[in-house]
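Participant: If you read the protein sequences in the order shown, they are chains H and L. Heads up, this note's numbering is the position in the first sequence plus 7, with the first residue counted as 1. Heads up, this note's numbering is the position in the second sequence plus 4, with the first residue counted as 1. My questions all concern the structure below.
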Amino acid sequence: MLHIILNEMRSFFRNGSTLFLSIVFPSLLTFILGTLLEDVQKSDAVVGDLNVAYCVEEGGYQSAAFEEYILALDEEKVITAEKVTADKLGNAAENYSAAVELKGGEIIVYKGRNAIQNRTVRALMDGYNENAGAYMSVAAVDPTLLSGVKLSDEEYVEQKDFGRTRTMMDYYAVAMTVVIIFFGSSMGGASSYSDERSFNTLDRLSFSPVSRTRVFFGKIIGSLPVVLIQVGTVMIVSILFFGVHFCDTLGGNLLLFAMFVSVSLTVLAVGVLFGLLFPKIPAMPVIMPIAWVMLFFSGAFYSKSTIDGISEYLPPKLLLNAAFDLTVFSRSEQAISVTLWSLGIFAVLLAAGWACVNIRRRNA
Amino acid sequence: MKDYLKVDGLVKNYGDFCAVDGISFTVREGEIFGLLGPNGAGKSTTMNVISSLIEPTKGNVSIDGMDIVREREKARRVIGVVPQDLALYPFLTAEENVKFFASLYGLKGKALSLAAGEALEFVGLSDRARVRPKKMSGGMKRRLNIACGIAHHPKLIIMDEPTVGVDAQSREHILGSIKTLRERGATVIYTSHYMNEVEDICDRIAIIDRGKFVACGTEEELISTVSDSKALKISTEFRAGFPVSELIGELSRLPDVKNARADENTIILEVGNTCKDFTLYLEHITKRGLPICGLTSESMNLEDIFIALTGRELR
Chain H
8 MLHIILNEMR SFFRNGSTLF LSIVFPSLLT FILGTLLEDV QKSDAVVGDL NVAYCVEEGG
68 YQSAAFEEYI LALDEEKVIT AEKVTADKLG NAAENYSAAV ELKGGEIIVY KGRNAIQNRT
128 VRALMDGYNE NAGAYMSVAA VDPTLLSGVK LSDEEYVEQK DFGRTRTMMD YYAVAMTVVI
188 IFFGSSMGGA SSYSDERSFN TLDRLSFSPV SRTRVFFGKI IGSLPVVLIQ VGTVMIVSIL
248 FFGVHFCDTL GGNLLLFAMF VSVSLTVLAV GVLFGLLFPK IPAMPVIMPI AWVMLFFSGA
308 FYSKSTIDGI SEYLPPKLLL NAAFDLTVFS RSEQAISVTL WSLGIFAVLL AAGWACVNIR
368 RRNA
Chain L
5 MKDYLKVDGL VKNYGDFCAV DGISFTVREG EIFGLLGPNG AGKSTTMNVI SSLIEPTKGN
65 VSIDGMDIVR EREKARRVIG VVPQDLALYP FLTAEENVKF FASLYGLKGK ALSLAAGEAL
125 EFVGLSDRAR VRPKKMSGGM KRRLNIACGI AHHPKLIIMD EPTVGVDAQS REHILGSIKT
185 LRERGATVIY TSHYMNEVED ICDRIAIIDR GKFVACGTEE ELISTVSDSK ALKISTEFRA
245 GFPVSELIGE LSRLPDVKNA RADENTIILE VGNTCKDFTL YLEHITKRGL PICGLTSESM
305 NLEDIFIALT GRELR
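Rendered as structure tokens:
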């Protein structure tokens, strides 16, 4: 079996496309995303003083609350507010950062003289809408509850110190690792047998005294270094070049790595089993779309691309949640659970593969 | 020579389809045994059962006394398979390919290196040991394919059309190598669509059709199953007024002659297959003052036999 393991590893290191997909592509992806996201949290323009003209519909829905919000911003010197009449709003926009109007319960933002300032005012109005929306939701259920609602963010926001400044890369490094695991491992696993078939070497292996079970296990074990390298590459490149923080402790990082590896093994075994069960179906056009759809609806690419009631059961989502719980909140329960579950599923898949190769031989 | 491979009542069914229908034969130690049959005749299935790739539905196959089902792993150690399709890893060099496949048979260390070196030398690829298959010609790949199947010194070598698509030079090399393997004591089962190859190297030939054996034996034995005579054509020059019919009558009464006739300046004698000495006939003609301008003996070849027995051509 050792020869099969070594041959599997040799095929990985000498196969340009596999090497590209496993090492070069994840590294490139990390560099590209890392470079793009490096400055995402830094301001690249001076906003300047915000002069806002505003107009409130007298006696209208939310009018008092809205004006109070504008004046509070003025008082805090976030903006300089000036109340104008509705007929002057059109001209006002030329002389101010933006002009805002509350009409029929809706906020209308008129473009001002400066696009950045205009966007900033729009963001402030969005903030009001979010807060007001919360109040309205409570009021719609039971207005008496409003007396218990905390009014300022100091009162209702509980701040937690993560111990360090988190960046977008901390999120994307985890998400990228998950993406690489599901794409790379599944494809690597599926190509393990399909390559043998395309080289016509599978029959030659089958003629040999080495049992098919040992060939199957040899292929799985031989793919292990590929998995370790894939996961390791993304993690190391992220840490070394973009200062990504995964976990605070060595134990946490080891658990994270173990979880990634165990899930990779499971995905790899799924790929190998696919190659075994469907030898004539090319893996790439089948596995890639499935992996892509699962990753997309797990929010790996975009956090809001999820479906309630479905996404939370998707394997990538479970892995992402466990990884974030471990890296951000230092909670290891989910990570341990995912690791154990994936190892259990891996064992079941191995047994299925073993049964598959042996039943096939008898039925051949 | 002892029987090295015994196939007894072999049946292989795929659902309702019977691919091999109760064939029995033996292959003697150190002989090259040709297996001929049209596409779909059951040849590959028979080879796959012998090489233990698939299990028979009924019947027994034993190699050197080892049952191919009950003692599969043990039996596999003495088998070497050279598949029809090239079965090589493109990312490994020639030497690494040979070493990998030989290692599956338990060879390691120096013995493995030695065996790989010998196999490459045997197929004439020693100078290409560090070259990957994709940089080799079709003939070289075929030879490497053979090296991978024989490096572990198998006693029984199964070769499935090993010369397909190779140039004449490589074909000669391959056929010469197979004869050398026989001289070294290996038993070879050989299939090919090239009749002349089979005629050239095989000691015995079996013809299989629709899952059954149609005939089995040496080339002469196969010919005798189809026809017991061959045509002897003697070219001469009849003088004007020569009594041709009288001569033909005399010739037809000579030993082994089954029929005689004349066609312009050619005398055609139908003689028994076993007849190899034609001097008696030639002397009889020359005594009558006729010159011998030419002599050809036309017996059936393997292709004729194949068509006669199966009713179809090999391809």
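For every residue, glycine included, the Cβ atom is placed at its ideal position computed from N, Cα and C.
1. Using only CA atoms, which one of H:C363, H:A342, H:M291 and H:A307 lies nearest to H:D202?
2. CB H:C254 to CB H:S344, shorter than 8 Å?
3. When you compare each of L:N269, L:E274 and L:I252 to L:V261 by their alpha carbons, which one comes out closest?
4. Quick one: grab the DSSP three-state call for L:C297.
5. Mind listing which residues of the stretch 23-50 of chain L have their C-beta closer than 9 Å to chain H's C-betas, in chain order?
6. When you check each C-beta in the stretch 206-230 of chain H against every C-beta of chain L, which residues fall closer than 8 Å?
7. Could you tell me the alpha carbon to alpha carbon distance between L:F104 and H:V335, rounded to whole angstroms?
8. Is H:R21 close to chain L, meaning its C-beta is less than 8 Å from at least one C-beta of that chain?
9. DSSP on H:E83, reduced to helix/strand/coil?
10. From H:R126 to H:S271, what distance separates their C-alpha atoms?
11. Work out the CA separation of H:F73 and H:F331 for me, nearest whole Å.
12. Counting only runs of 4+ residues fully inside the stretch 311-360 of chain H, write out the alpha helix (DSSP H) ranges in chain order.
13. Considering only the alpha carbon of each residue, which of L:I182, L:L294 and L:M144 lies closest to L:S174?
14. Report the partner residues of L:N101 according to the DSSP bridge assignment.
15. Who are the neighbours of H:N14 on chain L, taking C-beta pairs under 7 Å?
16. Would you say L:D89 faces chain A, with C-beta separation under 8 Å as the test?
17. For a quick check, are the C-beta atoms of L:I311 and L:T270 less than 8 Å apart?
18. Rounded to whole angstroms, what's the CA-CA distance from L:K16 to H:V300? Just pull it up for me.
19. When you compare the CB of L:Y194 with every CB in chain H, is at least one pair closer than 8 Å?
20. Please confirm if H:S337 has its CB atom under 8 Å from at least one CB of chain L.
21. For the stretch 117-125 of chain H against the stretch 54-74 of chain H, are there 3 or more C-beta pairs whose distance is under 8 Å?
22. Please return the same chain residues whose Cβ sits closer than 7 Å to the Cβ of H:G225, not counting the five positions on each side in sequence.
23. Could you give the distance in angstroms between the alpha-carbon of L:E33 and the alpha-carbon of L:C206?
24. Taking the C-alpha atoms as reference points, what is the distance between L:G41 and L:N200?
25. Pick helix, strand or coil for H:C363, following the three-state DSSP scheme.
26. If you reduce the DSSP assignment to three classes, tell me which class L:K6 lands in.
27. Could you check where the alpha helix (DSSP H) with H:R21 kicks off and where it finishes?
28. Which residues mark the beginning and the end of the beta strand (DSSP E) in which L:S66 is found?
29. Could you check the C-alpha separation between H:K90 and H:L43 for me, to the nearest Å?
30. Taking the beta carbon of H:G258 as the centre, do at least 16 other beta carbons fall within 10 Å, making it buried, or is it exposed?
31. With which residues is L:T195 paired in a DSSP beta bridge?
32. Check the C-beta distance from L:A23 over to L:G46 and give it rounded, since I have them as a contact under 8 Å.
33. Answer yes if the stretch 226-241 of chain H comes into contact with the stretch 22-38 of chain H, meaning at least three C-beta pairs across the two stretches below 8 Å, and no otherwise.
34. I'd like to know if H:H252 contacts chain L, where contact means its C-beta is closer than 8 Å to some C-beta of that chain.
35. Assuming H:Y179 is part of the alpha helix (DSSP H), what are its boundary residues?
36. Just to confirm before moving on: does the CB-CB distance between L:V65 and L:I58 stay below 8 Å?
Facilitator: Taking the definition as stated:
1. H:M291
2. no
3. L:E274
4. Reduced to three states, the DSSP call for L:C297 is coil.
5. none
6. For chain L, the residues of the stretch 206-230 of chain H that bring a beta carbon within less than 8 Å of one of its beta carbons are F206, N207, T208, D210, R211, L212, S213, F214, S215, P216, V217 and S218, in chain order.
7. 47 Å
8. Chain L, which has a Cβ nearer than 8 Å to the Cβ of H:R21, makes this yes.
9. coil
10. 43 Å
11. 37 Å
12. 322-334, all fully within the stretch 311-360 of chain H.
13. L:M144
14. Note: L:N101 sits in no beta bridge, so no partner.
15. F104
16. In summary, chain A is missing from the structure at hand, where the protein chains are H and L.
17. no
18. As the crow flies, the alpha-carbon of L:K16 is around 45 Å from that of H:V300.
19. At a cut-off of 8 Å between beta-carbon atoms, L:Y194 makes no contact with chain H.
20. no
21. yes
22. M8, I11, I12 and E15
23. Those two C-alpha atoms are separated by around 13 Å.
24. When rounded, the distance between both Cα atoms is 15 Å.
25. In this structure, H:C363 counts as helix in the three-state DSSP scheme.
26. coil
27. L9 to R21
28. K62 to I67
29. About 41 Å.
30. Exposed.
31. According to DSSP, which records beta bridges pairwise, L:T195 is partnered with L:D164.
32. 5 Å
33. At 8 Å Cβ cutoff, the stretches touch.
34. no
35. M175 to I187
36. no
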